[in-house]
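Below you'll find the structure, written out as structure tokens, and then a few comments.
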Amino acid sequence: MNILLSFTGFHDPFVPTAVEGEMGTGPVLTVVAERQFDHVYLFSTPRLAEKSEETRKAIVERKSKTKVTVLDVPLKDPTNYLGILRQLRGHYKKIRAAHPDANYSISVSSGTPHMHASWILLSASGEIPATILQSTPPEFVLEGKPRVKEIDLTQPEFPQITRPIREAKSEDDETEVIAQACRELGIVGQDPAFIKALREAHVYSQYDDVHVLLLGETGSGKEYFARFIHNLSSRGTRPLITINCSSIPENLVESQLFGHKRGAFTGASSDQQGKFKAADGGIIFLDELGELPLSAQAKLLRVLEEGEIEPVGTNRPVKIDVKVIAATNRDLKAMVCDGSFREDLYQRFGTSVNIPALRQRRIDIPQLALHILDSWNARHQKQRRLTTDALARLSQYSWPGNVRELRKVITQSAMLCAGKVVGADDLRFDEYLVGSQALNLPEPEEGFSLTSFLDDAKNRLIERALEKSDHVQARAARLLGLTPQAVNQHLKAREGKQK
């Protein structure tokens, strides 16, 4: 999802042109016309409320599929930096909670210069990771050039805004630093093993030259940990480049990672800098590290040891300054033994973080489920809520797909639920995964209830028997080794709970 954030200004939605009687598009409409956005948030001061509504209508008329939301910014003084920053931070926090995975752009051509500067400060500092867009009045646009251009705040002409490393002076300070970073990223968890992983990640974030290996099952949150380390490091204002090693064709891995020169291979019609060069000065996140072919592993080792890359098609090394975070769900030790992963590369990642699977931190499941549902409600303007029975069933499930699967179950259940309340019977688990768990008993962890687990297992088996027997109670009872009266009592008890 692509989202645009912008103040509304006096030149929105339309502005007079050099031709008498003609009106041209103002800054916001110009940006919307040249870029594709799914949602536009207009920040409006009381004085410009009418213009904001006019701008909203103008966008909808031109882009019917684009959603537009006007946000009230109750500023008495539009030149008050502190007031502007407080308002932008507050609104962005809510927007981010509703759209955690969106791509954000900011238009800095509407509003006061103080508003423009505030946007740039928040973006350059890393608080609001976004692309900065500037629209140019038509009279200043050179022939053949676009009216909207990106402002690259990483260019050397811009002074670098260095966010101080959030170094903890005591255990309480460290806890607050971690908690703040988790709030910003939507990371939820209080389980001791999970907190231990966060503390380790926080420590490793403080060392610029330490590369980190994240270990955990699919869906356990490795990318969130990479963002966590990035945000807490001194490189937090520089790029975080993410690449999934398993998604690149093997014959293009080295070109994608390290770049290539024109003519290096068939189809190489121009030079390409590669992902490592794009991350220069920042952090690169290599997901699915275990999928890298051996030839690329050798070049990655050179990056870690010497800080050099060698683009395909040249023998000339290029110096880069990159912190590497890698992640895998594979057993790298076993891969070293069978020769599919280099031992020296494995050893070079001297620091690792083990992220626990969701079933290993069951005490976090209710809080996580409620957090996911709250974000979904905010995003879709709904008021769904989970019953205690639903939370109990979620806590008992073994979650082979971890947090990613939990998110899928919550969102799908919320969408398909007939009312506002999502009960245990409304939860939409993947049937093939539920069926495969017949002998996959949960671990007895803190927060686990044997009584609730057995009750839930009994209810689900009776439901499956009824489905197999076309809801003929006598046939279902025979399948279960129960009396028809026992099945009937179950159905009556379920109906009583639903009333």
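Plus 1346 on top of the position in the sequence shown (first one is 1) and you've got the numbering used here. Note that the Cβ used here is the ideal one computed from N, Cα and C, for glycine as well.
Cutting at 6 Å between CB atoms, please list the residues of its own chain near residue i, excluding the five before and the five after it.
i     : result
E1596 : P1639
N1577 : A1527
T1660 : K1607
R1750 : G1565
L1421 : T1391 and G1429
P1830 : Q1819, A1820 and A1823
Apart from the five residues just before and just after residue i, which ones in its own chain have a Cβ nearer than 7 Å to its Cβ?
i     : result
R1676 : G1636
V1419 : F1389, S1390, T1391 and Q1433
V1416 : L1388, S1390, S1398, E1399 and R1402
L1716 : L1732
R1648 : E1654
A1625 : P1585, I1587 and V1668
E1530 : N1577
V1414 : V1386, L1388, R1402, I1405 and V1406
Any idea which residues DSSP pairs residue i with across the strands?
i     : result
V1670 : I1630
P1502 : DSSP, once it has assigned bridges, lists no residue as partnering P1502.
V1414 : V1386
H1606 : Q1618 and V1658
L1351 : Y1387 and I1452
Q1536 : Looking at the DSSP assignment, Q1536 forms no beta bridge with any residue, so it has no partner.
F1360 : T1371
S1588 : It should be noted that the sequence gives Thr, not Ser, for residue 1588. For T1588, which the question treats as bridged, DSSP gives the partners F1631.
Q1480 : K1495
N1426 : Looking at the DSSP assignment, N1426 forms no beta bridge with any residue, so it has no partner.
S1698 : L1559
Give every residue of the same chain whose Cβ lies closer than 8 Å to the Cβ of residue i, excluding the five residues on either side of it in the sequence, and list them in chain order.
i     : result
R1581 : D1554, G1627, G1628, I1629 and K1669
L1719 : R1730, R1731, L1732, I1756, A1760 and V1768
Y1778 : The pLDDT assigned to Y1778 is 46, lower than 50, so where the model puts this residue is not dependable; a value taken from the coordinates is nonetheless given after this. Correct list: empty, nothing qualifies.
A1463 : Y1427
L1752 : L1704, I1711, L1714, A1715, I1718, L1740 and W1745
L1431 : S1464, L1467 and L1468
Use the C-beta contact count for residue i: other C-beta atoms within 10 angstroms, 16 or more gives buried, fewer gives exposed.
i     : result
H1836 : buried
F1389 : buried
P1459 : exposed
K1804 : exposed
D1633 : buried
S1398 : buried
H1726 : exposed
M1347 : exposed
V1818 : exposed
I1735 : The displayed chain sequence assigns Asp, not Ile, to residue 1735. It is buried - the Cβ of D1735 has at least 16 other Cβ atoms within 10 Å.
L1598 : exposed
Y1550 : buried
G1827 : exposed
A1642 : buried
L1394 : buried
E1841 : exposed
S1615 : exposed
A1839 : exposed
L1762 : exposed
S1352 : buried
N1590 : exposed
So does residue i have its beta carbon nearer than 7 Å to some heavy atom of the ligand NAP?
i     : result
P1362 : The ligand NAP is not part of this structure, which contains no ligands at all.
Suppose contacts are defined by Cβ-Cβ distances below 8 Å. Is residue i in contact with residue j by that definition?
i     : j     : result
F1622 : V1658 : no
R1821 : S1815 : yes
L1650 : R1694 : yes
V1310 : Q1713 : For the chain, the structure presents residues 1347 to 1845; residue 1310 sits outside this window and is missing.
Q1618 : S1601 : yes
I1587 : H1548 : no
P1702 : A1823 : no
T1674 : L1561 : yes
L1773 : L1740 : yes
P1492 : E1380 : yes
V1558 : I1541 : no
S1481 : S1455 : yes
K1645 : E1656 : yes
A1724 : K1440 : yes
A1811 : L1800 : no
P1424 : M1369 : no
V1556 : T1697 : yes
G1532 : P1446 : yes
N1748 : E1489 : no
V1699 : E1546 : yes
Touching or not, the stretch 1763 to 1770 and the stretch 1707 to 1715, by the rule of three or more beta carbon pairs under 8 Å?
Contact between the stretch 1763 to 1770 and the stretch 1707 to 1715 is absent, with fewer than three C-beta pairs closer than 8 Å.
Is it a yes or a no for the stretch 1602 to 1621 touching the stretch 1558 to 1571, going by three-plus beta-carbon pairs under 8 Å?
With a cut-off of 8 Å, the stretch 1558 to 1571 and the stretch 1602 to 1621 do not count as touching, because too few Cβ pairs lie within range.
On the three-pair Cβ rule with 8 Å, is the stretch 1683 to 1700 touching the stretch 1496 to 1504?
No, because fewer than three Cβ pairs between the stretch 1683 to 1700 and the stretch 1496 to 1504 fall closer than 8 Å, the two stretches do not touch.
Given 8 Å, three or more beta-carbon pairs between the stretch 1737 to 1744 and the stretch 1465 to 1472:
Contact between the stretch 1737 to 1744 and the stretch 1465 to 1472 is absent: fewer than three C-beta pairs spanning the two stretches fall below 8 Å.
For the stretch 1475 to 1482 and the stretch 1445 to 1453, state whether three or more C-beta atom pairs, one from each stretch, are separated by less than 8 Å.
In short, these stretches touch, since the Cβ pair count reaches three.
Check whether the stretch 1353 to 1364 and the stretch 1373 to 1380 are in contact - that is, three or more C-beta pairs closer than 8 Å.
With the cut-off at 8 Å, the stretch 1353 to 1364 and the stretch 1373 to 1380 touch.
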